[in-house]
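Here is the structure we will look at, set down as structure tokens.
Protein chains: 2
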Amino acid sequence: MYSIDKIDKLYEAVDARGPVCVGLDTAEAYVPPLERRKWARDYQAVWAYNQALIDATVDVAACFKVQIAYYEAMGLGGLDTYAKTLRTIRERGRLVIADIKRGDIADTAAQYAKAHFEGIFEADFVTLSPYMGMDSLDPWLSYTRRTGKGAFVLMRTSNPGMRDFEYQELKSGGRLYDAVGDRLTELAATRLGKHGYGAFGAVVGCTEREEAAAIRKKRETLFFLIPGYGAQGGAAEDAAILLKNGNGGVVNASRSILKAWTTEAQEAAAVTCSDAAEAARKTVITMRDAIRAAVTAKTGACH
Amino acid sequence: MYSIDKIDKLYEAVDARGPVCVGLDTAEAYVPPLERRKWARDYQAVWAYNQALIDATVDVAACFKVQIAYYEAMGLGGLDTYAKTLRTIRERGRLVIADIKRGDIADTAAQYAKAHFEGIFEADFVTLSPYMGMDSLDPWLSYTRRTGKGAFVLMRTSNPGMRDFEYQELKSGGRLYDAVGDRLTELAATRLGKHGYGAFGAVVGCTEREEAAAIRKKRETLFFLIPGYGAQGGAAEDAAILLKNGNGGVVNASRSILKAWTTEAQEAAAVTCSDAAEAARKTVITMRDAIRAAVTAKTGACH
């Protein structure tokens, strides 16, 4: 017996509100100084800013992604802010991706799955690293079967170092990331949601357009988490290529949203929390509209 | 300017006390029932048991490894126990490996490095996943340069799923794990500690003896973190092959130490915390002596 798959809900969220995933990689330095000054501790300022950001973008974003590294770096208070951020997003009826990139096996993997699919750190999706092999996904999969939760597995990222291992050509054909994609495709085939995607998708960064188009075509059943928009140099056209008719993926931006206030005309020292949230909202809308326009242009040109 | 390398200290610890790494993957279920019953919360029982285990093994173990997944699964209280466990080990003058298997890039990797190389979760070593490439190691390396800290990067593990990706043959020759080993060897060559090892070693599981011997021979400058002893089926002879003259690696056991009390003759219900710690100590000594004997046998036979 399956509960409603989160991946189906994510597809419907993209249909309803566009493909932008708001990345809450909230460093204290991204909080406007006026707000920062109100709080004794970094994690308190981050919590205040996160609430304002969620409020301001909840109706224009598909979902949220919370990068746990920023919260781990603030200690127990940071992890409390992480838990509250996840809870707030879920209470607002939105899906949250815990960007944790965990990857371990057996009992340890089961403990990680328990940590991030239930309890105070409960998320709807997680990101996972495939290096140790497909058995590292098993404990997460058993939650998926019970609760419909999902994951995005690192496949083809867009950092320079991806050439070191992900991009290595295999003797059996294809690159390492293709082998990861093949195994995820096999997994997806065991059960597709009503919109045609498996519960476990892939992290695929913006890359050269020809390669991106080939990846999208080959992985019809994989929902993509697409990072690298904005701060990492991607553009709407690149993201549109990794989508399938404007869906089948969410496009994450973090810093360009969180720090949108730094490019406003007024003095940084005078920016309030709500000014910053409003700037974030505008950035999300601009990004959503640019991606939608790129999708339309692509479709119109019959590519 | 380098401070004293932790990897040199680890080598000296193995020389002084043998190669056993005590793995504190402490689930509540591993705490004897009599002790468990004293505490309202799982993480309190784990904290009590960890203190007893550290006390009982501090003079017979090379170092400790703490698997963060078990603590994440217990929420904020669990992470508080994790922090206190690390601090206690360091205050006792012992080295601690944070088994976190993180792997991310750029600012995110820098946040993870900050989280686990300073602050309340400060460890001497971490474990890392190489999938995204060598640039995922950079922020950790900059700590190494300042503080002498080190890491063990996943290379060749011994779970069945390791065949999925780690074991893939590359078009350019060797397997994926060889490519990881090559890059780590290059990195080690940029600076070796006084005992001949780089600050970043590798996680290498017990495997077929021929392959293990080849890996050891090829990776002279990499210190190994060797899991899979005991509960995962390895043996002293297998571990000895991955060591270099009885050093150059630490051999981790977790469950077989933590749960040693379950094989004692007396009723489980009557086992005290100090009985369990004493059983753990005996297991560590037996393991240490078995590995030392296997090392001597190997050397004696001129292999």
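Protein chains in written order, with numbering that gives the first Met the number 0: chain A, 0 to 302; chain B, 0 to 302. We treat Cβ as the ideally placed atom computed from N, Cα and C, and that holds for glycine.
Range of the contiguous beta strand (DSSP E) that encloses residue i
{"i": "Lys64/A", "result": "62-66"}
{"i": "Leu85/B", "result": "Leu85/B -> not in any beta strand (DSSP E); alpha helix (DSSP H) instead, spanning 74-90."}
{"i": "Gly192/A", "result": "Unbroken run through Gly192/A: none, as it is neither H nor E."}
{"i": "Leu23/B", "result": "19-23"}
{"i": "Arg208/A", "result": "Taken as a continuous stretch (DSSP letters only), Arg208/A belongs to no beta strand (DSSP E), being part of the alpha helix (DSSP H) at 208-217."}
{"i": "Phe199/A", "result": "199-203"}
{"i": "Ala114/B", "result": "Taken as a continuous stretch (DSSP letters only), Ala114/B belongs to no beta strand (DSSP E), being part of the alpha helix (DSSP H) at 105-116."}
DSSP-derived helix/strand/coil call for residue i
{"i": "Met131/A", "result": "coil"}
{"i": "Leu153/A", "result": "strand"}
{"i": "Ile225/A", "result": "strand"}
{"i": "Asn49/A", "result": "helix"}
{"i": "Ala234/B", "result": "coil"}
{"i": "Thr351/A", "result": "Absent from the structure is residue 351/A, since the part of chain A shown begins at 0 and ends at 302."}
{"i": "Glu168/A", "result": "strand"}
{"i": "Arg162/B", "result": "helix"}
{"i": "Ala39/B", "result": "coil"}
{"i": "Lys297/B", "result": "helix"}
{"i": "Ile99/A", "result": "strand"}
{"i": "Lys281/A", "result": "helix"}
{"i": "Val179/B", "result": "helix"}
{"i": "Ala26/A", "result": "coil"}
Whole-angstrom distance between residue j and residue i, CA atom to CA atom
{"i": "Val203/A", "j": "Ala211/A", "result": "9 Å"}
{"i": "Asp134/A", "j": "Arg101/A", "result": "13 Å"}
{"i": "Arg36/A", "j": "Cys205/B", "result": "53 Å"}
{"i": "Asp14/A", "j": "Asn246/A", "result": "7 Å"}
{"i": "Gly118/B", "j": "Ala72/A", "result": "8 Å"}
{"i": "Arg291/A", "j": "Gly76/B", "result": "44 Å"}
{"i": "Ala150/A", "j": "Lys297/B", "result": "46 Å"}
{"i": "Thr189/A", "j": "Asp181/A", "result": "13 Å"}
{"i": "Tyr48/B", "j": "Pro31/B", "result": "9 Å"}
{"i": "Gly227/A", "j": "Ala252/A", "result": "7 Å"}
{"i": "Trp260/B", "j": "Leu85/A", "result": "39 Å"}
{"i": "Lys113/B", "j": "Tyr176/B", "result": "27 Å"}
{"i": "Trp46/B", "j": "Ala268/A", "result": "45 Å"}
{"i": "Leu127/A", "j": "Asp106/A", "result": "16 Å"}
{"i": "Phe222/A", "j": "Pro138/B", "result": "30 Å"}
{"i": "Phe63/B", "j": "Arg287/A", "result": "49 Å"}
{"i": "Gly147/B", "j": "Asp4/B", "result": "4 Å"}
{"i": "Ala198/A", "j": "Val59/A", "result": "24 Å"}
{"i": "Leu241/A", "j": "Val249/B", "result": "44 Å"}
{"i": "Ala68/A", "j": "Tyr29/A", "result": "15 Å"}
{"i": "Ala187/B", "j": "Asp98/A", "result": "30 Å"}
{"i": "Lys170/B", "j": "Pro18/B", "result": "37 Å"}
{"i": "Glu277/A", "j": "Thr262/A", "result": "13 Å"}
{"i": "Ala26/A", "j": "Tyr81/A", "result": "12 Å"}
Check: residue i C-beta below 6 Å from any heavy atom of the ligand NAP
{"i": "Arg16/B", "result": "The model depicted lacks the ligand NAP and carries no ligand whatsoever."}
Contact with chain A by residue i, beta-carbon distance below 7 Å
{"i": "Val49/B", "result": "Per the sequence shown, the amino acid found at residue 49/B is Asn instead of Val. With 7 Å as the cut-off, Asn49/B does not count as an interface residue toward chain A."}
{"i": "Pro159/B", "result": "yes"}
{"i": "Thr271/B", "result": "no"}
{"i": "Ile284/B", "result": "no"}
{"i": "Phe164/B", "result": "yes"}
{"i": "Tyr130/B", "result": "yes"}
{"i": "Asp274/B", "result": "no"}
{"i": "Asp181/B", "result": "no"}
{"i": "Glu185/B", "result": "no"}
{"i": "Glu236/B", "result": "no"}
{"i": "Thr146/B", "result": "no"}
Extent of the continuous alpha helix (DSSP H) run through residue i
{"i": "Asp14/B", "result": "5-16"}
{"i": "Arg93/A", "result": "Taken as a continuous stretch (DSSP letters only), Arg93/A belongs to no alpha helix (DSSP H), as it is neither H nor E."}
{"i": "Leu257/A", "result": "254-257"}
Test: residue i CB closer than 7 Å to a CB of chain B
{"i": "Gly227/A", "result": "no"}
{"i": "Gln43/A", "result": "no"}
{"i": "Lys100/A", "result": "yes"}
{"i": "Tyr176/A", "result": "no"}
{"i": "Glu266/A", "result": "no"}
{"i": "Ser154/A", "result": "The sequence given here has Met at residue 154/A, not Ser. Not an interface residue."}
{"i": "Tyr111/A", "result": "yes"}
{"i": "Lys170/A", "result": "yes"}
{"i": "Thr189/A", "result": "no"}
{"i": "Thr206/A", "result": "no"}
C-beta neighbour in chain E for residue i, strict 7 Å
{"i": "Phe199/B", "result": "Looking for chain E here will not work: the only protein chains present are A and B."}
* Asked: Relative to chain A, which residues along the stretch 115-128 of chain B have a C-beta separation below 8 Å, given in chain order?
  -> His115, Gly118, Ile119, Phe120, Ser128
* Interfacial residues, the stretch 69-85 of chain B to chain A, with Cβ spacing under 9 Å -> So the close ones are Tyr69, Tyr70, Glu71, Ala72, Met73, Gly74, Leu75, Gly77, Leu78, Asp79, Ala82.
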